[in-house]
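Participant: First to last, the sequence lines map onto chains A and B. Using my numbering, the first residue of the first sequence is number 1, and each one after it goes up by one. Using my numbering, the first residue of the second sequence is number 1, and each one after it goes up by one. Every residue gets a Cβ at the ideal spot worked out from N, C-alpha and C, and that includes glycine. Handing you a structure now.
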Amino acid sequence: MSLTDIKALVAEALQVDASVLSDDLRIGGIDAWDSLAHMRLLTAIEERLGKPLDAETAAGIESLRDIERVLG
Amino acid sequence: MMRQPPPPPRMKLLKIETERFILRSLTPADASERWASWLSDPEVMTPVNTAPRTMTREDLVRYTQRFDQQTRLLIGIFDRETKLHIGLYQVDVNAHHRTSKLNVIVGDKAYWGRKVVLETRAALLDYLFKNGTEKVIGSPLARNFPAVFNYKAQGWRLEGIMKGQVRHMHSNARLDQYEFGLLKDEWIALKKKAGS
């Protein structure tokens, strides 16, 4: 997935417009990235992967770049 | 002969006010149907791997009495404006190692996603670190994504992944758990960084 696609995924989970997401956004970096948004985001990533995230991978998701790495 | 370090100061019933919330020690008088309703709600209890159960007010009274409020703290979270009881912390203090292990539940779902834990736990960390604790520990289930978010967003360090640490409440499946930690000096540094 491209960074643009990642931003679209994150924007949907955070319920914001993708234009507000900077390339270096990290967990909790904007108000909309709260605990419930994080749950929606990780659930969306699992849906894309078609399987649950293992504990190591889930723990490593803290930024857009991390999501890009996980989703490839 | 080596001199022993002085014992950490004893804590008493606490009351802490934050911008939007009040934290205070729970007593038998706080037992309520409202509190009991969270404990029977699968949506509240499943993330902490606890089977929902019906508890009476008397059950909750007995539950509060299990906490000495010195080494085992039971602390309610209250909305400062409405005075509604919305959640609670359990804190286990190890006076010898000067560690405190924290657990939190926000039972009132209307408050989920409103940064209740980030705001209240910051105040609780200040209190614990001022009263003898030198390290705090949190152990959320790996699948409890909102709790994991709160630890990460608050700057706690992921210290380990405990594979298959606990049994699932309804099956023989084993669940992974994270261990987060934060030292007093790290908390001070985080606050300093946030303030600068």
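Does A:E56 come within less than 8 Å of chain B when only Cβ atoms are used?
Facilitator: Chain B, which has a Cβ nearer than 8 Å to the Cβ of A:E56, makes this yes.
Participant: Just tell me which of B:A153, B:P140, B:T18 has its CA closest to the CA of A:D31.
Facilitator: It is B:A153 whose Cα lies nearest to the Cα of A:D31.
Participant: Looking only at its own chain, which residues have a Cβ that is under 7 Å from the Cβ of B:L26, when we skip the five neighbours before and after it?
Facilitator: Excluding residues within five positions, the ones whose Cβ falls inside 7 Å are T64, L74, I75, G76, L88.
Participant: With 7 Å as the limit, tell me which residues of the segment 76–103 of chain B have their beta carbon closer than that to any beta carbon of chain A; keep them in chain order.
Facilitator: Listed in sequence order: no entries.
Participant: Specify whether the segment 119–138 of chain B and the segment 12–22 of chain B touch according to this definition: at least 3 beta carbon pairs, one from each stretch, less than 8 Å apart.
Facilitator: These segments touch.
Participant: For B:K115 and chain A, any beta-carbon pair shorter than 8 Å?
Facilitator: It does; some Cβ of chain A falls within 8 Å.
Participant: Entirely within the segment 60–113 of chain B and at least 4 residues each: give me those alpha helix (DSSP H) ranges in chain order.
Facilitator: Whole alpha helix (DSSP H) segments, 4+ residues: zero.
Participant: On the CB-based measure, 16 or more other CB atoms within 10 Å of its CB, does A:D34 come out buried or exposed?
Facilitator: Answer is buried; the Cβ neighbour count reaches 16.
Participant: Under the rule that 16 or more other beta-carbon atoms within 10 Å means buried, what is B:R143, buried or exposed?
Facilitator: Buried.
Participant: Using 10 angstroms around the beta-carbon of B:A51, count the other beta-carbons present and answer buried if the total reaches 16, otherwise exposed.
Facilitator: By the neighbour-count rule (16 or more Cβ atoms within 10 Å), B:A51 is not buried but exposed.
Participant: CB-CB under 7 Å to B:P42, same chain, minus the five flanking residues each way: which ones, in chain order?
Facilitator: Counting only Cβ-Cβ distances below 7 Å, and skipping sequence neighbours, we find P52.
Participant: Just grab the DSSP bridge partners of B:L183 for me.
Facilitator: In DSSP, B:L183 forms a bridge with B:K135.
Participant: Which residue from A:L9, A:L14, A:A59 puts its Cα closest to that of A:H38?
Facilitator: Of the listed residues, the one whose Cα sits closest to A:H38 is A:L14.
Participant: Using a Cβ-Cβ cutoff of 7 Å, what residues of the segment 132–161 of chain B are near chain A? List them in chain order.
Facilitator: Flagged, chain order: A142, F145, P146, F149, N150, K152, A153, L158, I161.
Participant: Per DSSP, what kind of secondary structure is B:V148 in: helix, strand or coil?
Facilitator: Residue state, collapsed to three classes: helix.
Participant: I'd like the span of the alpha helix (DSSP H) that includes A:I93, first residue to last.
Facilitator: Residue 93 of chain A lies beyond the range of chain A shown here (1 to 72); nothing can be said about it.
Participant: Indicate whether at least one CB of chain A lies closer than 8 Å to the CB of B:W112.
Facilitator: Interface residue, yes.
Participant: Could you pull out every residue in the same chain whose Cβ sits closer than 8 Å to the Cβ of B:H33, ignoring the five residues on either side in sequence?
Facilitator: With the sequence shown as reference, residue 33 of chain B is identified as Glu, and His is not the correct amino acid for it. If we look at B:E33 and ignore the five residues flanking it on each side, its Cβ neighbours are R57.
Participant: Below 7 Å CB to CB, which residues in the same chain sit around B:M55 once its five sequence neighbours on both sides are set aside?
Facilitator: The answer, listed in chain order, is A36, L39.
Participant: Since I believe B:I86 is in contact with B:V61 (beta carbons under 8 Å), could you give me their beta-carbon distance rounded to a whole number of angstroms?
Facilitator: Incorrect: roughly 20 Å between the Cβ atoms, too far for contact.
Participant: So, for B:S139: in the same chain, excluding its five sequence neighbours on each side, which residues have a beta-carbon less than 6 Å away from its beta-carbon?
Facilitator: Cβ within range, chain order: Q177, E179.
Participant: For A:E46, which residues from the same chain have a beta carbon less than 8 Å from its beta carbon, with the 5 sequence-adjacent residues on both sides left out?
Facilitator: Counting only Cβ-Cβ distances below 8 Å, and skipping sequence neighbours, we find P52, L53.
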